[in-house]
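In our numbering, the protein residues as written are 203 to 560.
Virtual Cβ for every residue (Gly too), placed ideally from N, Cα, C.
Have a look at the structure below before the remarks.
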Ligand SMILES: *Cc1c(COP(=O)(O)O)cnc(C)c1O
């Protein structure tokens with residue numbers, strides 16, 4: 203079987219197949235989402251997520267269908283007029299576009315990837331209500347150091363902060379008390395099938411949603427913060443959810459907790475070092491992000507120093523180690539390598555060996 207180092211969908215976490223099979227042995231998939239069995243499953247899932255990610259009780263957890271949907275929901279529920287978007291790549295740009303599409307006055311700051319400036323040097327307009335960040339932008343492999351994000355919140359306590367963590371969760375260890383809307387879909391770092399996303403929302407963001415709803419703004423229909431909160435408090439979702447995906451997420455979160463989240467994070471960092479070490483020494487590749495403190499540990503992106511596309515294709519076919527192409531127009535000149543919990547050290551070593559020969 204192939205091993206997928208593609209940055210989403212990606213390699214499944216090793217226990218996913220067993221949990222999928224186990225789910226079929228239960229009655230859960232035929233039972234009502236208003237049954238006690240569902241409530242118990244939901245409660246277990248929520249607790250497992252809180253345990254493994256250290257999500258405080260103050261923050262609500264909502265389940266939606268994709269990270270792109272979470273962007274839309276975040277904008278509608280946190281912005282009356284103005285949002286600010288710090289854009290490092292394609293996903294930050296998508297967030298910005300969502301704000302434009304719902305007719306907010308969206309402002310954009312585009313990072314120069316060759317000379318990245320810290321967030322502290324970006325001028326934040328007084329009237330921005332929400333600052334939108336992509337903690338790791340999967341298109342370019344750039345991560346914003348968490349201290350910069352926390353510092354931004356501390357300097358702007360009255361503004362809400364939204365963080366897209368699709369490419370780094372559950373590797374990234376967040377202080378949620380300084381964040382208002384954190385979201386991720388599960389087909390990347392969690393190693394699950396696509397079609398489910400998680401939102402972690404602060405009391406301030408809920409307050410804002412309530413205010414906007416009362417003022418008659420369109421905060422969405424079933425997936426507004428307030429209706430989602432009402433149902434989440436009852437260990438339910440408003441609609442009939444993807445029960446299978448919720449079940450598997452709860453189980454995988456528990457598995458990760460059992461192995462030890464710290465251990466998994468440490469291993470990921472070690473694997474990242476191997477990958478960057480290779481890329482920095484290679485004749486064929488160089489890192490797209492050259493400033494070390496902004497290099498992502500979970501999505502390593504490299505550009506070609508010479509045209510090795512065909513050679514790479516052949517190696518992948520031969521070894522079954524599948525890496526991601528560059529994003530969008532970079533598809534033939536860059537590679538992207540996912541380094542998630544599902545990727546075993548031994549497989550990363552095999553991949554490094556393969557890339558060494560290119
Ligand atoms: C993949 C990705 C998304 C989009 O996720 P969907 O679940 O497909 O909506 C958003 N942000 C980042 C950083 C991503 O990597």
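Asked, Found
"Neighbour-count burial assignment, residue 362, 16 or more Cβ in a 10 Å radius", "buried"
"For review: beta carbons within less than 7 Å of any heavy atom in ligand 1", "209, 210, 268, 269, 270, 271, 293, 296, 336, 338, 339, 340, 366, 368, 369, 387, 389, 390, 396 and 399"
"Residues sharing a beta bridge with residue 366, DSSP", "336 and 385"
"Assigned secondary structure, residue 527 (DSSP; H/G/I helix, E/B strand, else coil)", "strand"
"Residue 381 versus residue 374: straight-line alpha-carbon distance, rounded", "13 Å"
"Beta-carbon contacts of residue 387 that lie in its chain and below 6 Å, excluding the five residues immediately before and after", "268, 269, 368 and 399"
"Contact under 9 Å by Cβ, residue 293 with residue 539", "no"
"Backbone secondary structure at residue 455 - three-state DSSP", "helix"
"Buried versus exposed, by CB contacts within 10 Å (16 or more), residue 535", "exposed"
"Beta-carbon proximity list for residue 408, same chain, < 8 Å, skipping 5 on both sides", "262, 427, 428 and 431"
"Simplified DSSP assignment, three categories, for residue 504", "strand"
"Status (buried if at least 16 other CB within 10 Å, exposed otherwise) for residue 238", "exposed"
"Helix, strand or coil at residue 296 according to DSSP, with G and I counted as helix", "helix"
"Bridge-paired residues (DSSP) for residue 401", "264 and 385"
"Pick from 342, 370, 334 and 366 that is closest to residue 354, judged by C-alpha positions", "334"
"Inter-residue Cα distance where the pair is residue 348 and residue 232", "42 Å"
"Proximity winner among 416, 522 and 452, relative to residue 221 (alpha-carbon distances)", "452"
"Start and end residues, beta strand (DSSP E) containing residue 289", "284–289"
"Residue burial classification, residue 372 (beta-carbon count within 10 angstroms, cutoff 16)", "buried"
"Extent of the continuous beta strand (DSSP E) to which residue 538 belongs", "536–540"
"Buried or exposed (CB count within 10 angstroms, at least 16 for buried), residue 422", "buried"
"Residue 309, DSSP secondary structure in three states", "strand"
"Outcome for residue 234 when other beta-carbon atoms lying within 10 angstroms are tallied against a minimum of 16", "exposed"
"Distance between beta carbons of residue 378 and residue 402, contact taken as under 8 Å", "6 Å"
"Top-ranked residue by Cα proximity to residue 542, from 211, 203 and 460", "211"
"Residue from 491, 494 and 450 whose Cα sits closest to the Cα of residue 230", "450"
"Contact check, residue 436 vs residue 241, beta carbons under 9 Å", "yes"
"Beta-carbon gap between residue 280 and residue 417 smaller than 9 Å", "no"
"Which of helix, strand or coil DSSP assigns to residue 277", "helix"
"9 Å Cβ cutoff met for residue 365 and residue 336", "yes"
"Proximity to residue 533 [Cα-Cα], best of 396, 326, 510 and 479", "510"
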